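According to mature numbering (1 follows the signal peptide of the UniProt record, and there is no 0), the sequence shown holds residues -31 to -1, 1 to 952 in order.
In this text, a Cβ means the ideal position worked out from N, Cα and C, and glycines have one as well.
Here the structure is a predicted model, which means the values were calculated and not measured.
All remarks here apply to the structure that follows.
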Amino acid sequence: MEFAISSSISFSVFLFGFLLLSFFTAFPSKAQLIPREEVEALQAISDKITNVNWKVTPTSCIKGDGFNNIFTSPPGVTRNVTCNCTFQNGTVCHVTNILLKSQNVAGEIPSEFGNLTHLTELDLYLNYLNGTIPTSFRHIPLVTVSLVGNRISGSIPTELGEIATLRDLVFEDNQFGGPLPHSLGNLSNLRRIRLSANNFTGTIPETYGNLKNMIDFSIDGSTLSGKIPSFIGNWTTILYMDMEGTGMEGPIPSTISLLTNLKELRISDLKGTTTMVFPNLKNLKSLERLILRNCLITGPIPMYIGEMTNLRTLDLSFNMLSGSIPDSFQNLNLINHMFLTNNSLSGAISEWMLQKYNTDLSYNNFTVASTSNCQSLQVNLASSLSSSVRNATFCLKKGLTCPGKPQYYSLFINSGGPKMEFEGNEYEEDLNQNGIAYFYIKDDKWAYSSTGTYIYNDKANYVASLQTNKFSMNVNGSEYYQTARLSPQSLKYYGLCMMKGGYKVKLHFAEIMFSDDQTFNSLGTRIFDVSIQGFKYLRDFNIAKEAGGAGKGITKVFDVDVNDTTLEIHLYWAGKGTTAIPTRGVYGPLISAITVTPNFKVPSQGFFVNDQRKEKGFSAAAIVGIVVGLCVFLILVLLIIILPKNGFLGGKDPQDIDLKGLDRKTCMFTLKEIKAATNNFNADNKIGEGGFGPVFKGILPDGRIIAVKKLSAKSRQGNREFLNEVGMIFALHHPCLVKLYGCCVEGDQLLLVYEFMDNNSLARALFGPEEFQLKLEWPTRHKICVGIARGLVYLHEESIFKIVHRDIKSTNVLLDKDLNPKISDFGLAKLYEEESTHISTRISGTRGYMAPEYAMHGYLTKKADVYSFGIVTLEILSGKTNTTQKSEEECFYLRDWAHQLKDGNHLMDLVDPKLGEDFNREEIMTVIDVALQCTENSPALRPTMTKVLSILEGKPAIQEVVSDDESEIILDDDLKLTKKQES
Ligand SMILES: *[C@@H]1O[C@H](CO)[C@@H](O)[C@H](O)[C@H]1NC(C)=O
Ligand SMILES: *[C@@H]1O[C@H](CO)[C@@H](O)[C@H](O)[C@H]1NC(C)=O
């Protein structure tokens, strides 16, 4: 700003010098002065509205210094006051043009404009003016008046009908209301009326039929009622007509056929139920842009449309058009965008159609497609085929019904953004930039279908992020508000292959395209509709309005049913709101994230891992309850085939279990595949020895690297743990847990296929053989601590099973290529149920990591994991393994050493010397403190993992709500369990 002022001053000095020169050469003897009344009016205008800063004198026109003009390229940002100094023999100057564009001039429009008796042009494009238009405007001999993008309200004064000179009246993107004045119909010179995005009421006055010179009439996004008047047929010179999203009723009058000069015709979202056949546009041969969207048009597309060879954009979407696409469309050589989305078009999708640019044929009834792709080059074919077509790719057909078995219970998408985690859920990345006519599908799990181009800015983006925006703004709440997916027209998100049932759909929105300051950038209005499963839940939804401003998040929650494997969320722009603020092409749906969770209890695959229930055997109801898709099938197979051999099922008839229709292949690998991947379990591929057998590295034909855990089926315990792992791990997804890809059961082979972790285990990195040790700097170690804590918070509090891991140790923490930690080995994990007694009959865990109450009394709660986590944290801090036994007598216990150091105030001795001095001392002290708390003997004294995580992440301490009795259990000095006394 300062720079702008100083440069304008220097420019003015230059201009002054130049004008001084001209003064002596061209007009040596005459004074050219602005009349006093006009000087006063101009000065009053400047004084009343901010950011104008004129210093008007009678000589301001010739010396040029009074109006501090600035001209910039692009010409959108301009101050330009010009005068005509030829009056009274060149002795008098009058101000004729005032242009203040994108200046954020603020305040009420001053009535003193009415005193500018020679003002012909007033352009206040993109500012922050409010108030109403003063009736004094009737005195101004205006030819052109533009108030685009301000906050002006009230109705258009009927007095404007007295300005006989008026040609261009451009009031779009304001807050005008009331009826349109009839008086404007008197202005025979009027040729441009642009009133888009205001809140008018009533109909278009009959008198406007007199405006025979009309070339541009735009009322899109302005609420009007009534039928589209047939007098528009009088406007035979018109070039541009835009009536999108007005709320007017059809049909389109037949007189439209008379507007043969039209280059752009845009009508959309007509109200009412009156259908019509395609209007007669045969003689509109100059059309470059034709939009007749959602106008209830039935019947075929006329052949002559294909003869409009100037056509660049054609949008006939969301009608009821039938028949086939005319062959004449092949001749549309200039066409850039063609949207035939959502009609009943039939016949074949021919080869030539697939070669067109940006063409959307989705949601139709075609019977033949010469492709099996749902996105073919630049053509969107999602759901384009009739349901009667056989053997088509599923996404080409209506409903996008799951091609395999439904298997998903939830869906998390970070729209327009990267993969991220929030509240323990992993949000899928959604970064694809395409959206004009585009279908994107991710793994038969979710998809989006986007249609539409930004009118007048077809380069505008389909994804947005705060980082790439021109405003600096903070959005509180989840990270997913930082990014968004956008669409100028229609955006459908799909959850695919979802289990039948009721779901909670949360849609997260934050307006990040408008500013939240007092500039014109904040004046946009985004309005769109939201339907889920075909039902319109939100009409005229306005994010900023609902959230209380731009840059604020808002979540809308809906309960919906999924009956046929597909969840459809449709965001649709019905032509309303602004389209050019802060820049052209900012409009249409915007969504930040999607969270879909089941409203029903996900059938528990885990019940067979509970020792007690297992002993009771299975109830038929429980068995019905566990059918959770393919992965469970595996378990069922095991139950039927393997377990009875081992004397497991206690005589229960396995035929009770209905296996019909279950496809065993989908989530499993064959032994052959795994042998091929691991080079027949070659010893060179062995990467470790887990609790239940060796682990091998392998490569799948698709290039994925895997870790295969080979379990022996001979051991009964192995089988149980195997079941345990498979049942739960398939249902557990978290960035800090190792992912299970699948499994294999063949003969006596039990194999688990995991994602491969490039950096093996934390134990190896910290204190493995020297050649395998990794240099772990403090920030990495801190990240690892936080990651393990996150994984445990998920297991303890956020997952559907609420699991105690029971065997947290540094060999069970794996590191990916970026040294992110992932917890592995759920072989000991156990359902954690509130009603259980906490007393486990079988103790499993690893010496040195096990909490004393668990090791000695079998007393198992989440606090046992907290203890183990504390030990691992001590290992990370010290770089030392937790126990080393040099001889019978000489034993080193890391935990005891740490607590001794604490008593002697030498805690920093704990820190791994390899870290040198290169660490954040405060951070390391926090971590040491956490480790010590976690390794307290009494479970009651240990924090929960949630608390641990918030301390590690430096978040304010949370008040813990103690909901169960575990925190009351303490170990006395003799390590006996007692209950804490009320005090
Ligand atoms: C200033 O405005 C006048 C009137 O609209 C126009 O003719 C002139 O080109 C403008 N000057 C600049 C430098 O934009
Ligand atoms: C200035 O005003 C005179 C008298 O009204 C007019 O004839 C002339 O065209 C005007 N000049 C400009 C540049 O507008």
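Distance between residue j and residue i (C-alpha atoms, nearest Å)
{"i": "L884", "j": "W747", "result": "7 Å"}
{"i": "D533", "j": "L69", "result": "57 Å"}
{"i": "V61", "j": "R163", "result": "35 Å"}
{"i": "V526", "j": "L91", "result": "47 Å"}
{"i": "D776", "j": "L330", "result": "55 Å"}
{"i": "R495", "j": "I523", "result": "14 Å"}
{"i": "N49", "j": "E7", "result": "17 Å"}
{"i": "V664", "j": "C705", "result": "20 Å"}
{"i": "residue 964", "j": "I188", "result": "Nothing about residue 964 can be reported from this structure: the residues present for the chain run from -31 to 952 only."}
{"i": "A429", "j": "F510", "result": "22 Å"}
{"i": "V565", "j": "I501", "result": "12 Å"}
{"i": "G503", "j": "D530", "result": "11 Å"}
{"i": "M212", "j": "F638", "result": "58 Å"}
{"i": "H703", "j": "N394", "result": "6 Å"}
{"i": "C364", "j": "I757", "result": "39 Å"}
{"i": "A900", "j": "M914", "result": "12 Å"}
Residue of the options minimising C-alpha distance to residue i
{"i": "F650", "options": "T639, V677, F638, R673", "result": "V677"}
{"i": "D671", "options": "A645, N654, N349", "result": "A645"}
{"i": "D787", "options": "I184, I753, T362, S768", "result": "I753"}
{"i": "P567", "options": "I184, S768, I102", "result": "S768"}
{"i": "residue 956", "options": "L11, L365, T19, T26", "result": "Since the first residue of the chain shown is -31 and the last is 952, residue 956 is not available in this structure."}
{"i": "C466", "options": "G873, T535, D16", "result": "T535"}
{"i": "A479", "options": "T41, N511, K521", "result": "K521"}
{"i": "M272", "options": "G292, M877, G368, N654", "result": "G292"}
{"i": "R553", "options": "G667, K666, I496, Y423", "result": "Y423"}
{"i": "K374", "options": "M468, G214, Y723, D399", "result": "M468"}
{"i": "S191", "options": "M307, D412, G216, Y177", "result": "G216"}
{"i": "Y417", "options": "Y462, A433, N383", "result": "Y462"}
{"i": "L283", "options": "K240, M442, K232, R750", "result": "K232"}
{"i": "S297", "options": "F308, P44, T278, H306", "result": "T278"}
{"i": "S907", "options": "K831, D878, K641, I893", "result": "K831"}
{"i": "D185", "options": "R235, K778, P110", "result": "R235"}
{"i": "L156", "options": "T113, S124, G147", "result": "T113"}
Residues that residue i bridges to, as DSSP identifies them
{"i": "P663", "result": "E658"}
{"i": "A75", "result": "T19, Y97"}
{"i": "Q144", "result": "S122"}
{"i": "residue 971", "result": "Because the chain is modelled from -31 through 952, residue 971 falls outside the range shown and cannot be assessed."}
{"i": "N53", "result": "H63"}
{"i": "N394", "result": "F391"}
{"i": "N349", "result": "D329, Q344"}
{"i": "G522", "result": "A479"}
{"i": "D528", "result": "K473"}
{"i": "R48", "result": "I39, L69"}
{"i": "M210", "result": "F186, L234"}
Local conformation of residue i per DSSP, three classes
{"i": "T915", "result": "helix"}
{"i": "D399", "result": "strand"}
{"i": "E515", "result": "helix"}
{"i": "N167", "result": "coil"}
{"i": "T86", "result": "coil"}
{"i": "K475", "result": "strand"}
{"i": "C712", "result": "strand"}
{"i": "G470", "result": "strand"}
{"i": "P174", "result": "coil"}
Residue i burial status per 10 Å Cβ neighbour count (16 or more: buried)
{"i": "C371", "result": "buried"}
{"i": "Y801", "result": "Note that Y801 scores 31 on pLDDT, short of 50, meaning its location in the model is unreliable and no value can be drawn from it."}
{"i": "R454", "result": "buried"}
{"i": "K366", "result": "buried"}
{"i": "E141", "result": "buried"}
{"i": "W415", "result": "buried"}
{"i": "Q487", "result": "exposed"}
{"i": "E844", "result": "buried"}
{"i": "H477", "result": "buried"}
{"i": "M183", "result": "buried"}
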